[in-house]
Amino acid sequence: YNLHRANCFLTRSAFESLLLDLVSGKPFHIILEGGEPLLHEHLVYFCQQLSSSGFNHSVITNATLMTNTLAETFKSLQTNVIVSLDSPCHEINCNTRSKTIDALNGIECLLGKDVPVAINTVVSRHNIDSCTEVIERFYPRIRRFSFLRLIARSHDDTTVQDLLLYSSEQLQSLAAKLGEWKARHAD
């Protein structure tokens, strides 16, 4: 879905104005997200400006459009990348996202260029029993994983409501698995 939307209507001049307003305070970590940021024609420019202004910054992406050149650019600009991945298993990931193989290749490309990577996983009924597979696949090369709960915009949002149909027992089991994993890998 996001691969069809750049979804950011921020122009270069609006970005420069915003950046000037922020420079005075500088305690920010700026996150560029929404739609698929790698589709935005000025993404590298935004990252260059943030980096040269001393801001820590990240890009949230599904990584399917990652290239060696872009990964090298992110490395040189100290751009952190947060990848949205609900499962390394295509059959699970394709229920909520697409192009799993491209996403996994994008993550490997970033790791190969020593770009700091984190993974966001949205917990749904499709992946709740296998969420820890994301950690198992990438730890210790990736050390930051976030598990997010999907929230329906309204009670009428049946697509999201359908994804939320997991039991409290499944949620408790996930919490226990994460606790066990953490105990085994305490370092």
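Each position in the sequence shown, counted from 1, maps to that position plus 29 in our numbering.
Glycine included, C-beta positions come from ideal geometry on N, C-alpha and C.
{"Item": "Tell me which same chain residues have a C-beta within less than 6 Å of the C-beta of residue 100, skipping the five on either side of it?", "Value": "138, 139, 142, 144"}
{"Item": "How is residue 134 classed by DSSP in three states: helix, strand or coil?", "Value": "helix"}
{"Item": "Put residue 86 into one of helix, strand or coil per three-state DSSP.", "Value": "strand"}
{"Item": "Spatial neighbours of residue 73 within its chain, please: CB distance less than 7 Å, with the 5 preceding and 5 following residues excluded, ordered by chain position.", "Value": "102"}
{"Item": "How would you label residue 135, buried or exposed, when you count the other beta carbons within 10 angstroms and need 16 or more for buried?", "Value": "buried"}
{"Item": "Give me the Cα-Cα distance between residue 76 and residue 59, rounded to the nearest whole angstrom.", "Value": "10 Å"}
{"Item": "Whole alpha helix (DSSP H) runs in the stretch 59-132 with 4 or more residues, listed along the chain?", "Value": "72-81, 97-105, 119-122"}
{"Item": "First and last residue of the beta strand (DSSP E) that includes residue 178?", "Value": "174-178"}
{"Item": "Could you check what DSSP says for residue 204 in three-state terms: helix, strand or coil?", "Value": "helix"}
{"Item": "Use the C-beta contact count for residue 214: other C-beta atoms within 10 angstroms, 16 or more gives buried, fewer gives exposed.", "Value": "exposed"}
{"Item": "Taking the C-alpha atoms as reference points, what is the distance between residue 178 and residue 68?", "Value": "26 Å"}
{"Item": "Would you identify the three-state DSSP class for residue 27, choosing helix, strand or coil?", "Value": "Absent from the structure is residue 27, since the part of the chain shown begins at 30 and ends at 216."}
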